[in-house]
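Protein chains: 2
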Amino acid sequence: MKVLIVEDDPLHRAYLGEAVRGALPECNTVLEAADGLAGERLAREHISDRVVMDLQMSPRNGIEAARTIWRERPDTRILFWSNYADEANVRGISRIVPPGAAYGYVLKSASDERLRLALRSVFIEDQCVIDREVRGLQQKSAGAVSGFTDSEYEVLIDIALGLTDRTIARRRNLSLRSVQNRLQQLYEKLGVYQPNDGDPEARFNLRSRAVTVSLLRKLVNHTALERAEMDLARWLERDGHGPKP
Amino acid sequence: MKVLIVEDDPLHRAYLGEAVRGALPECNTVLEAADGLAGERLAREHISDRVVMDLQMSPRNGIEAARTIWRERPDTRILFWSNYADEANVRGISRIVPPGAAYGYVLKSASDERLRLALRSVFIEDQCVIDREVRGLQQKSAGAVSGFTDSEYEVLIDIALGLTDRTIARRRNLSLRSVQNRLQQLYEKLGVYQPNDGDPEARFNLRSRAVTVSLLRKLVNHTALERAEMDLARWLERDGHGPKP
DNA sequence: CCCGAATCTGCGGGTTTCCGCACGTTGATT
DNA sequence: AATCAACGTGCGGAAACCCGCAGATTCGGG
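Residue numbers (the numbering used here), protein chains in the order written: chain P, 9 to 253; chain R, 9 to 253.
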């Protein structure tokens, strides 16, 4: 059995190596990569279908690397090992996991024993293991109060990028009013909307404020922004100069 | 000689402990704290005037901890040890370092030898040691193209928080137009301003866009935002309900 | 003392946001 | 077939934003 470790911090990489060797005596080869790109390459060359993957890395973060790995080999078991449990990551992962694939998500703050268990469960038993803290997020994101639709998340990203209503409309093939509709829902759900009863003193610029609280609540984060920015740049090249109606 | 290590990641903490013991044989006591709060307490109890400090931690990040430590004992030598070299951190630190104090800033990606040298230089020789990458930022921030005035940085934070022009004016005791003036300068310096020559197609909402590029360039970051948000909340309590002219 | 340079301020107007009101489409449920 | 929820669209208007123009203020030299 081969296990591939993708993690940029050398200390953590060494620690993971220890943990894998300790938890999986049936594993005879441990491969190590220091970033997403190298990880993809190693996974391709050696036919390694068990991966422990850090999230924030550069170049190529864990989510991107996982996506290409899963695209080539959907039955790969991937255990994500991250510092944070924020919505941007959770949403990003649940977006790319192939149906039926085994994967896991444990926090770096978890105990050695938790990590050990997760390694065995995911790599040997083909089970999905998700830390309780992360699990909480998934519930919320699917369900009730703070749960966005995909389309709402879309405009959230767009205004976070600093796009104009009109540009968003063009990009998403919507009318101006529809974009603004989604924005209203977004403001509502983020608890940013100000019913101007009595004193019409608008303290906040809703647009910017929405971005801020999303950042503070980690609905979006730096790497999500970077990714979105690159997508945007690509779109601007292609369709950004189209004819205006 | 006593050295205090403040670092939340246990692996990194252990590594730092090794490094300190190896580089400083004259050090007979190594104290360890896992977050800023504990760090402040330990520094106060034991009279430790040599500190190795991580930046991102919670509760209480490194900058805040350093500030209270330096307030109580301005001659403390502090070596900052961080993952990132972004402007928000550098600006935050250079804002709080007492005149004449010895401090250092090395990246976690630095080699063992670099760390060793920095430890000896700062703790024994009372020299300031700042990594080259970080140094680059300092130059830029003081000088030319991407260098903001303090007042410009101020409005940047304010729009990042999602405040209205009018609210910013009230908060900073300025007229509306002055705020908008500073904003214009900001847009200019961030390279966001769009001379609408020919095609007046405004692609970006300058306000939001400014925040985005600041985030992408790490002129502001998550923890800076959190701090600013708390300041804002306090201000809203106190002066936010004042009489309107 | 007068001269820039930097900053603060008011005015005016073009553009963008924000949002209530109203109506049509789609798709799933009953 | 009827209904209901979710989503897309147009119209119109109040507020906010962006910014050129121009007149004040401050402050450090020559």
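Note that CB positions come from ideal geometry on N, CA and C, so glycine has one too.
Computed from a prediction, not measured in an experiment: that's the story for all the values here.
Under the Cβ criterion of 8 Å, Glu-234 (chain P) is counted among the residues facing chain R. Within chain P, the residues Gly-170 have their CB atoms less than 7 Å from the CB of Arg-217 (chain R), given in chain order.
Distance from Ala-31 (chain P) to Leu-127 (chain P) at the Cβ level is roughly 4 Å; contact confirmed, criterion being Cβ atoms closer than 8 Å. With respect to the 8 Å criterion, Leu-191 (chain P) and Val-228 (chain P) are not classified as neighbours on the basis of their beta carbons.
Met-238 (chain R) counts as exposed, since fewer than 16 other C-beta atoms from the protein chains shown sit within 10 angstroms of its C-beta. Contact check between the region 93 to 103 of chain R and the region 68 to 77 of chain R: three or more CB pairs, one atom from each, fall below 8 Å, which counts as touching.
Collapsing the DSSP output to three states places Leu-32 (chain R) in coil.
Contact between the region 181 to 198 of chain R and the region 57 to 66 of chain R is absent: fewer than three C-beta pairs spanning the two stretches fall below 8 Å.
As computed with DSSP, Met-61 (chain P) is found in a beta bridge with P:Val-14, P:Phe-88.
Between Leu-87 (chain R) and Val-114 (chain R), the gap from beta carbon to beta carbon is short of 8 Å.
In this structure, DSSP gives Phe-212 (chain R) an extended state, which the three-state scheme calls strand. Under the three-state reduction of DSSP output, Ile-138 (chain P) falls in the strand class. Counting C-beta atoms within 10 angstroms of its own C-beta, Ile-167 (chain P) has 16 or more neighbours from the protein chains shown and is therefore classed as buried.
The continuous beta strand (DSSP E) containing Tyr-111 (chain R) extends over residues 111 to 115. Scanning chain P for C-beta atoms nearer than 8 Å to the C-beta of Asn-181 (chain R) yields nothing, as the closest lies near 16 Å away.
Under the Cβ distance rule, Ile-132 (chain P) does not count among the residues neighbouring chain R, no pair being separated by less than 8 Å. CA-CA distance, Ile-176 (chain P) to Leu-182 (chain P), rounds to 8 Å. The beta-carbon distance between Val-60 (chain P) and Trp-78 (chain P), rounded to whole angstroms, is 15 Å. This is too long to meet the 8 Å contact definition. Nearest neighbour of Ala-218 (chain R) by Cα position, chosen from R:Gln-193, R:Val-130, R:Leu-50, R:Thr-231, turns out to be R:Gln-193. For Ser-159 (chain R), the closest alpha carbon among the candidates R:Ala-27, R:Arg-180, R:Arg-174 is that of R:Arg-180. Residues Arg-58, Arg-85 of the same chain have their beta carbon placed closer than 6 Å to that of Phe-131 (chain P), with the five preceding and five following residues left out of the count.
Distance from the CA of Ser-117 (chain R) to the CA of Leu-123 (chain P), rounded to the nearest whole angstrom, comes to 25 Å.
Interface annotation, Leu-223 (chain P): in contact with chain R, CB-CB separation under 8 Å. Of all alpha-carbon atoms in P:Leu-233, P:Arg-225, P:Tyr-161, the one lying nearest the alpha-carbon of Asp-94 (chain P) is that of P:Arg-225. Separation of Asp-134 (chain R) and Pro-82 (chain R) (C-alpha to C-alpha, rounded to the nearest whole angstrom) is 13 Å. Here Ile-138 (chain P) is buried: its Cβ has 16 or more other Cβ atoms, across all protein chains shown, within 10 Å. Among the residues facing chain P, Ile-167 (chain R) is included, as its CB has a counterpart in that chain under 8 Å away. Beyond the five residues adjoining it in sequence on each side, Asp-17 (chain R) comes within less than 7 Å, by CB distance, of no other residue in the same chain.
Counted as a single uninterrupted DSSP element, the alpha helix (DSSP H) harbouring Val-163 (chain R) occupies residues 158 to 169. Taking a 10 Å sphere around the C-beta of Leu-244 (chain R), we find fewer than 16 other C-beta atoms and assign the residue as exposed.
Collapsing the DSSP output to three states places Ala-73 (chain P) in a helix. The beta carbon of Asp-173 (chain R) sits closer than 8 Å to the beta carbons of Leu-184, Val-187, Gln-188, Leu-191 from its chain, once the five residues preceding and following it are set aside; these are given in chain order. Counting only residues of its own chain and dropping the five nearest sequence neighbours on each side, Glu-121 (chain R) has no CB closer than 6 Å to any other CB. Taking a beta-carbon distance threshold of 8 Å, Leu-198 (chain P) does not count as an interface residue toward chain R.
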